[in-house]
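To start, the structure itself, in structure tokens.
There are 2 protein chains.
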Amino acid sequence: MTAPPPVPAPRKAGRRASRLVDIAEAVGVHTSTVSRVLNGDPAQSVRPEIYEKIWRTARQQGYRPNALARALKRRHTGALAFVIPLLRNPIWVRLQRGALQRASERGYAVMIIEDEVDEAQPPATYRYLVDESRADGLLLATSLRIPAHTEGSAHGLLAVPHVYVNRRGPERGNDVVMDEPAAVRLFLDHVAALGHQRVALIDGPVEIDTVHRRALAARRACATRDLHLTVLHADVTEEGGWEAAQRLLRRGSTPDGVAGGTLPTACAVGSLNQLFGVMAALRGARLPVPEAMSLVSLDEDECLAFLDVPVTSVAMPLAELGSAAVDALIARIEAQDPVTAADVMIREPMSLVHRDSVARPPGAGLWTASRASAPPPRLTCLPCRTSSAQPARRSAPSACPRSPTTPRSPSKS
Amino acid sequence: MTAPPPVPAPRKAGRRASRLVDIAEAVGVHTSTVSRVLNGDPAQSVRPEIYEKIWRTARQQGYRPNALARALKRRHTGALAFVIPLLRNPIWVRLQRGALQRASERGYAVMIIEDEVDEAQPPATYRYLVDESRADGLLLATSLRIPAHTEGSAHGLLAVPHVYVNRRGPERGNDVVMDEPAAVRLFLDHVAALGHQRVALIDGPVEIDTVHRRALAARRACATRDLHLTVLHADVTEEGGWEAAQRLLRRGSTPDGVAGGTLPTACAVGSLNQLFGVMAALRGARLPVPEAMSLVSLDEDECLAFLDVPVTSVAMPLAELGSAAVDALIARIEAQDPVTAADVMIREPMSLVHRDSVARPPGAGLWTASRASAPPPRLTCLPCRTSSAQPARRSAPSACPRSPTTPRSPSKS
DNA sequence: TTGTCGAGGACAAAGGTTTGTCCTCGGCTC
DNA sequence: GAGCCGAGGACAAACCTTTGTCCTCGACAA
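Chains as they are written, first to last, in our numbering: chain A, 91 to 503; chain B, 91 to 503.
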């Protein structure tokens, strides 16, 4: 009795809903018998004709168990609370979709709460939903890292079943995350193989846990690969991306440190929103992508294929993340022993979606911001060169662009 | 007792939740007294010291009323079910945010259900949530129009409180919609004032109610303004937009009918996803925006300001829509007489967000697709003309672009 | 002195399910 | 014929609140 019936039995409007006692009366048995039969209690044996009659009557009356009464008795509501920061970033949408889907498969409803993003507040703010028995557990997708000073402190620990989605909580064993380091390495290996030596990562504020982990992974990976890395943090908005890119360009033009004022030749951007800003800034600085700067988005979205210059991206298994988080939470809810709790890392393979924003680094001259104001030498100006050697790819897709590996949103399953 | 307390009283892990009877026992009164005091029942008078002691004990024990038991008794759950098509289109995110916000203000929780987009299914599919007393009412944001053949038929009518959001349901009086005609007119008036005479609307499938209404409004408004209109329907995806734009261009090149094979000079696009496709197609056809084609997005999004050519848009009051829908639904839930039901049209002013994708129509020669394959005469190729007469605007924003009227996502309220 | 009245509260019945326990009865074994 | 056993169910106690009704007691009026 978890999934809704394909066609709910019609119920006369105005009449009260059918209850166990109504069926019991009609059949001529006790409600407990009806309950056991309808719930398939194996401990109960009934005569076949009674069994049959109970089911028939239930269908006739369009019986639906009162979830409230059932939950009250069972101490289990069958609902999950999903605490989510309603960012515009499409990643949450995909995550949410994965979670909703899985929860409904497993017979759970999901309530959504918008995160108030109030760091001063203990995460227990949402516990009231569980305390009021509205939900059995919490799916915490708020993105902020637990501030260091509260790390491990008492108030960070929730006494109710919960799971941190796409972030790490204050305690171990309740996190469901993706392999951010692998995503970063996918980017780095790709551009390193093409010969890039100076790379950048533009991402959100360090307070965001995924960002923190990506930056860490990038630093580590660049050290072993002998790449020079610049990490820039900014708001997860178009404006933030724009501003970070500006900083990157300025830094490139004013020599300081060992880098010697040289600009990175490849850049990864942590979110779609920021990507738009970065691209605008690059455009403003007359740095053509990918000739002067290779670009990789760490958010895959279908719109990337349709941009001015289609942007290569790393596709993360977001739906799987949501789905796995629901599974993990339900496991914690239904578990007898809480010892089984362990962090989950989504192993679903992530992939590089190759488009046109990555190329070899500018071979001859090093691009610097000061030289960038002059017309870029290698830029093919399409309208002026009709018989371009690199024709349609830049700005004139002749066939409909399409993401090679992005699954189209499936209508079913 | 609607909003969560700012700081929930800490409760020892492992101990059972505090109940009314616990407080009653501690204070030395009956549970009914505690209930009435805590609920502020004005019919009850208690001695001040008892009153005080009850509240103190409740706070001490971190009492939270069991929402299940309360709902069971009151026949009212305080939860709303939001049936939403989880499209990538950001409009749903904004709508959802508005609804969540308002619902929480009014003390309601919101459960989200993903729409199965199964037209064959009666809308009652989601009624099970109400039938099981999980929710008090339905917020139906599924976008499909009620198919004509089921219009008014019995199964389309829901016996449970519900409201159609951003669409019209089969019966009147339960719709909460925005003024789509006004949005269309905003676009038309703007481009008509600039001298455009042939306009186009690229939008989703006619089965989507908003699309239907927009198309209708466009036809009507164009008739009175003596504009020639082309309406194209396509999937609400980048690919759909691309394909529709291709159709538009083909139609422009093969003269048929009175239009004489001339292309529209201004085009509105119904959704952000489609917009990307349309822009890609225009780029592919060497039709510069706005020189050869003015473009207006009927979805406002901040990323529009950061595109290759920043796109003018119509900003719709989506958050207000969600908020008003919640209000309307709660009114229906709490109403004694269902006669008060009436359709709601959001009157929040919508506005044109002026960017750079709209200009006067190409004055001299008419642009046709056949001529468009030649290098567009008026296109300024920036890298080739460093001292361009139209400098930074096209592709080099010198300051960070920003939407003039788009409210930044507020942290509070 | 009796009756009235209001303050202050107790009692108990819902609300719909679940589930542990108990009962009855026919058939079987010894 | 007594005892046992299992099938087939009935009973009732929860689960936690809410709310209509009733009770008691002191103050006050007649």
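Note that beta-carbon positions come from the ideal geometry of N, C-alpha and C, so glycine has one too.
For this session: Give, in chain order, every unbroken run of the beta strand (DSSP E) that is at least 3 residues long and sits entirely within the region 159 to 200 of chain A.
Result: For the region 159 to 200 of chain A, whole beta strand (DSSP E) runs of length 3 or above, ordered along the chain, are 169 to 174.
Problem set entry | Cβ of B:M555 within 8 Å of any chain A Cβ | Only positions 91 to 503 of chain B appear in this structure, which leaves residue 555 of chain B out of reach.
Exercise. Can you list the residues of chain B that A:T327 reaches, using a CB-CB cut of under 8 Å?
Worked result: Taking the first residue of the first sequence as position 1, residue 327 of chain A is located at position 237. Within chain B, the residues near A:T327 are E392.
Exercise. Taking Cβ to Cβ, would you say A:V296 is nearer than 8 Å to A:A290?
Worked result: Residue mapping note: residue 296 of chain A aligns to position 206 of the first sequence, counting from 1. Residue mapping note: residue 290 of chain A aligns to position 200 of the first sequence, counting from 1. Contact: no.
Exercise. To which residues does DSSP link A:I203 through a beta bridge?
Worked result: Taking the first sequence and counting its residues from 1, the one referred to as residue 203 of chain A is at position 113. Beta-bridge partners assigned by DSSP to A:I203: A:V173.
Exercise. For B:R461 and chain A, any beta-carbon pair shorter than 8 Å?
Worked result: By one-based count along the second sequence, residue 461 of chain B stands at place 371. Residue placement at B:R461 cannot be trusted, given a pLDDT of 41 that sits under 50; what the coordinates show is reported in the next sentence. No, B:R461 does not count as interfacial toward chain A.
For this session: For B:L419, return the contacting residues in chain A, with the cut-off set at a CB-CB distance below 9 Å.
Result: Taking the first residue of the second sequence as position 1, residue 419 of chain B is located at position 329. Those within 9 Å of B:L419 in chain A number zero; the least Cβ separation is about 16 Å.
Exercise. Do we get a CB-CB distance below 8 Å when we pair A:G259 with the residues of chain B?
Worked result: Indexing the first sequence from 1 puts residue 259 of chain A at position 169. It does not: the Cβ of A:G259 has no partner Cβ on chain B nearer than 8 Å.
For this session: Count the other CB atoms, across all protein chains shown, that sit within 10 Å of the CB of B:R262; report buried if there are 16 or more and exposed otherwise.
Result: Counting from one through the second sequence, the residue named residue 262 of chain B turns up at place 172. So B:R262 counts as exposed.
Problem set entry | Integer Cβ distance of B:V359 from B:L353, believed to fall under 8 Å | If you number the second sequence from 1, residue 359 of chain B lands on position 269. If you number the second sequence from 1, residue 353 of chain B lands on position 263. Incorrect: roughly 15 Å between the Cβ atoms, too far for contact.
Exercise. Using a C-beta cutoff of 8 Å, does B:V379 count as contacting chain A?
Worked result: The residue given as residue 379 of chain B occupies position 289 in the second sequence. B:V379 does not count as touching chain A.
For this session: Report yes or no: is there a C-beta of chain A within less than 8 Å of the C-beta of B:T167?
Result: Against the second sequence, residue 167 of chain B aligns to sequence position 77. So yes, B:T167 belongs to the interface.
Exercise. How long is the line joining the alpha carbons of A:Q134 and A:R154, rounded to whole angstroms?
Worked result: In the first sequence, counting from the first residue as 1, residue 134 of chain A sits at position 44. In the first sequence, counting from the first residue as 1, residue 154 of chain A sits at position 64. Between A:Q134 and A:R154, the C-alpha separation is close to 21 Å.
For this session: Examine chain A for any beta-carbon lying closer than 8 Å to the beta-carbon of B:S387, and answer yes or no.
Result: As a first step, residue 387 of chain B is located in the second sequence; it is residue number 297 there, counting from the start. Under the Cβ criterion of 8 Å, B:S387 is not counted among the residues facing chain A.
For this session: Indicate whether B:Q151 and B:D205 have their beta-carbon atoms separated by less than 8 Å.
Result: Walking along the second sequence from the start, residue 151 of chain B turns up at place 61. Walking along the second sequence from the start, residue 205 of chain B turns up at place 115. Against a cut-off of 8 Å, the Cβ pair of B:D205 and B:Q151 comes out as no contact.
Exercise. Is the shortest distance between the beta-carbon of A:R468 and the beta-carbons of chain B less than 8 Å?
Worked result: The residue you call residue 468 of chain A lines up with position 378 of the first sequence. Residue placement at A:R468 is flagged as unreliable, the pLDDT there being 31, under the threshold of 50; a coordinate-derived value is accordingly withheld.
Exercise. Which whole runs of the alpha helix (DSSP H) in the region 344 to 402 of chain B are 4 residues long or more, in chain order?
Worked result: 362 to 374
For this session: Could you work out which residues of chain A lie near B:V183, taking near to mean beta carbons separated by less than 7 Å?
Result: Counting from one through the second sequence, the residue named residue 183 of chain B turns up at place 93. Simply L176, R178 and V183.
Problem set entry | Same chain only: Cβ atoms within 8 Å of B:A148, ignoring 5 sequence neighbours per side | Stepping through the second sequence from its first residue, residue 148 of chain B is reached at position 58. Contacts found: S108, I113, V124 and L128.
For this session: Indicate whether the contact test is met: 3 or more Cβ pairs, each with one atom in the region 410 to 419 of chain A and one in the region 382 to 402 of chain A, closer than 8 Å.
Result: no
For this session: Starting from the beta carbon of B:E195, find every residue of chain A whose beta carbon is closer than 8 Å, and list them in chain order.
Result: What you label residue 195 of chain B is simply residue 105 of the second sequence in a count that begins at 1. In chain order: nothing, as chain A lies at least about 11 Å away.
For this session: Give the residues of chain A in contact with B:S413, contact being defined as C-beta atoms less than 7 Å apart.
Result: Working through the second sequence from its first residue, we reach residue 413 of chain B at position 323. Ordered by position in chain A, no residue passes the 7 Å Cβ test against B:S413, which lies about 13 Å from the chain.
Exercise. According to DSSP, is A:I436 helix, strand or coil?
Worked result: Looking up residue 436 of chain A in the first sequence gives position 346. A:I436: coil per DSSP, three-state reduction.
For this session: Measure from the C-beta of A:D293 to each C-beta in chain B and report whether the shortest distance is under 8 Å.
Result: Position 203 of the first sequence, counted from the first residue, corresponds to residue 293 of chain A. A:D293 does not count as touching chain B.
Problem set entry | Backbone CA spacing between B:P138 and B:W145 [nearest angstrom] | Locating residue 138 of chain B in the second sequence gives position 48, where the first residue counts as 1. Locating residue 145 of chain B in the second sequence gives position 55, where the first residue counts as 1. Taking the straight line from one Cα to the other gives about 11 Å.
Problem set entry | Buried versus exposed, by CB contacts within 10 Å (16 or more), B:P439 | Start at 1 with the first residue of the second sequence, and residue 439 of chain B comes out as number 349. By the neighbour-count rule (16 or more Cβ atoms within 10 Å), B:P439 is not buried but exposed.
Problem set entry | Coil, strand or helix - A:V404 by DSSP | Position 314 of the first sequence holds residue 404 of chain A. Three-state result, A:V404: strand.
For this session: For B:S447, name the three-state secondary structure that DSSP assigns.
Result: On the second sequence, residue 447 of chain B is found 357 positions in, with the first residue counted as 1. Correct three-state label for B:S447: coil.
For this session: Can you give me the start and stop residues for the beta strand (DSSP E) that B:D112 sits inside?
Result: What you label residue 112 of chain B is simply residue 22 of the second sequence in a count that begins at 1. Per DSSP, B:D112 is not a residue of any beta strand (DSSP E); the alpha helix (DSSP H) it occupies stretches across L110 to V117.
Exercise. Who are the neighbours of B:Q191 on chain A, taking C-beta pairs under 8 Å?
Worked result: Within the second sequence, residue 191 of chain B is the residue found at index 101, counting from 1. Within chain A, the residues near B:Q191 are E204.
Problem set entry | Own chain partners of B:A225 with C-beta closer than 7 Å, once the 5 adjacent residues on each side are dropped | On the second sequence, residue 225 of chain B is found 135 positions in, with the first residue counted as 1. Once the five neighbours on either side are set aside, the close Cβ partners of B:A225 are T167, A169, L170, A171, M201 and L219.
Exercise. Where DSSP assigns a beta bridge to A:Y218, which residues make up the other side?
Worked result: The residue you call residue 218 of chain A lines up with position 128 of the first sequence. None; A:Y218 has no bridge partner.
Problem set entry | Closer than 8 Å to chain B by CB, A:D226 | Sequence index remark: in the first sequence, residue 226 of chain A carries index 136 (1-based). By the rule that beta-carbons nearer than 8 Å mark a contact, A:D226 does not touch chain B.
Problem set entry | Touching by the beta-carbon criterion (3+ pairs, under 8 Å), the region 366 to 376 of chain B and the region 319 to 331 of chain B | yes
Exercise. By Cβ distance, which residues of its chain are closer than 6 Å to A:R572, with the 5 residues on each side in sequence left out?
Worked result: Given that chain A is displayed from residue 91 to residue 503, the structure contains no residue 572 of chain A and the question cannot be resolved.
Exercise. For A:W182, which of A:D389, A:A449 and A:L228 has the nearest alpha-carbon?
Worked result: Here residue 182 of chain A is taken as the residue at index 92 of the first sequence, counted from 1. With distances taken between Cα atoms, A:W182 lies closest to A:D389.
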